[in-house]
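Let me begin by presenting the structure, written as structure tokens, before commenting on it.
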Amino acid sequence: MDHTENDPAPRPRRRKRSKAKYLLLLIAVLLVAAFAFLTRNDPRFSLERLIGQGGRQTSSPTTQPPSADTAKTVIIPSQAPPAKDTPATAETPEVPGEDKQGQATAETDDAAGEDTVLTGEELCSRDSMKLEAFYAHLDQQPYIRSFNLPQSSGEHFSGLFRKLAAQPPIVTRETDDLFTILKNTAHFFRVIGKDNILLIKGILDQEKESYEDIVAALFRLTNQPDCLKSRLGLHIPESVYYDYSGFFLNTMGGRLYLFRRDSKSRMIVNYYAILLVDRANQNGTNSHGIDLKQAISSLISEIESGGGHLKLRETYLDQLYALKEKYPEPAQ
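Rendered as structure tokens:
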């Protein structure tokens, strides 16, 4: 029986394939050796650089190649780079009061009257422009036009501020007679009249989203009397702010007035009244001896339980807790 048909491929043909494979391998080795010899002094093809690039992720076609400076150091994961190779533009932790480019900013309303980033002139310009823009906005509102004001909103409210400053409420010895209590209870009605009270109520109702920022800006301006006079035409003595603060915090008429208002307005008025009395303590002008301990604790409780609708709630609480440490209540 002939077995040649079932035998594997002839041995001579296998030898030819093996010889061809070895010949190709030899040519490849020679080419690599020649390439290595020709590029032995070129730093772009150094062994260290090739190893470093081999461990990196492949960049997209639009990615720019690394510069010579950044290619010097290979950063191994979980290992910090040498301090001397840290680039000048390395990212640093963001500092409160600065934007991501490192530029100082004070665009947040801290509602505490303190702003240590901008200069006094810059604060004056920013806050007065904010008030002027708010007045311009009011002039365009139909509900404001329905009151038929004889002048612009800015001029009208400046006139109201002057009237209130000229006739401050009674803060001390209020309970000596009933007439004084009634006079304090009707203080705003007597000084600015029913129509202006309705006007203010309308603003508080229609401008809920913005009036907290406006009140914060106005408070900061009270600490810059020259700015308030030059930009808004108001010259109000510090004693007037103090008297109205004592009126809301310490008198029966002032407290009754606030309890007739909505909770948001009441909490905001009490908050700034506390800040103004604290400012009087710092200036040594707390002539009525107003004690802030109870007022601070009471307002903290009110804001925590029912102040969720306040835009600057956390800022109010931060400042109030700082004041609570400043004016600790006696241990019981």
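Counting from 10, one number per residue, gives the positions in the sequence shown under our numbering.
C-beta: ideal position from N, C-alpha, C; glycine also.
Annotated three-state conformation of S296 is coil, per DSSP.
In terms of CA proximity to I209, I153 leads the group V126, T181, I153, Y280.
Ranked by Cα distance from V249, the options E338, I277, A282 are led by A282.
P151 sits in a helix when the DSSP states are folded into three classes. DSSP, reduced to helix, strand and coil, places K238 within a helical segment of the structure shown. Here the segment 125-144 makes contact with the segment 221-232; the two share three or more CB pairs at distances below 8 angstroms. Note on geometry: alpha-carbon atoms of I212 and A340 lie some 43 angstroms from one another.
Taking 4 residues as the shortest admissible run, the segment 126-177 contains the following complete alpha helix (DSSP H) segments, listed from N- to C-terminal end: 129-148, 151-154, 162-175. Segment contact: the segment 264-278 against the segment 186-202, three or more CB-CB distances shorter than 8 angstroms; contact assigned. For E334, the enclosing alpha helix (DSSP H) stretches over residues 322-335. Pairing L301 with V286 gives a Cβ-Cβ distance under 8 angstroms. When the beta-carbon positions are compared, M261 and I312 stay at least 8 angstroms from each other. Excluding five sequence positions before and after P246, the CB atoms of its chain that fall closer than 8 angstroms to its own CB belong to A174, given in chain order.
DSSP, reduced to helix, strand and coil, places D186 outside both helices and strands of the structure shown, so it counts as coil.
Going by DSSP, V249 is part of the alpha helix (DSSP H) stretching over 247-259. DSSP places T231 in the helix class (H, G or I) of the three-state scheme. Within 10 angstroms of the beta-carbon of R199 lie fewer than 16 other beta-carbons, which makes it exposed. Less than 8 angstroms divides the Cβ of D252 from the Cβ of V180. If you compare the alpha carbons of H146, E323, L284 with that of Y220, the shortest gap goes to H146. In terms of CA proximity to E130, R240 leads the group L187, L169, R240, L158. Where L207 is concerned, the enclosing alpha helix (DSSP H) starts and stops at 203-215. If you draw a straight line from the Cα of L243 to the Cα of F170, it is about 8 angstroms long. Separation of the CB atoms of I201 and F143 is rounded to 19 angstroms, and the pair is thereby denied contact status at 8 angstroms. S307 and G293 have their C-alpha atoms spaced approximately 24 angstroms apart.
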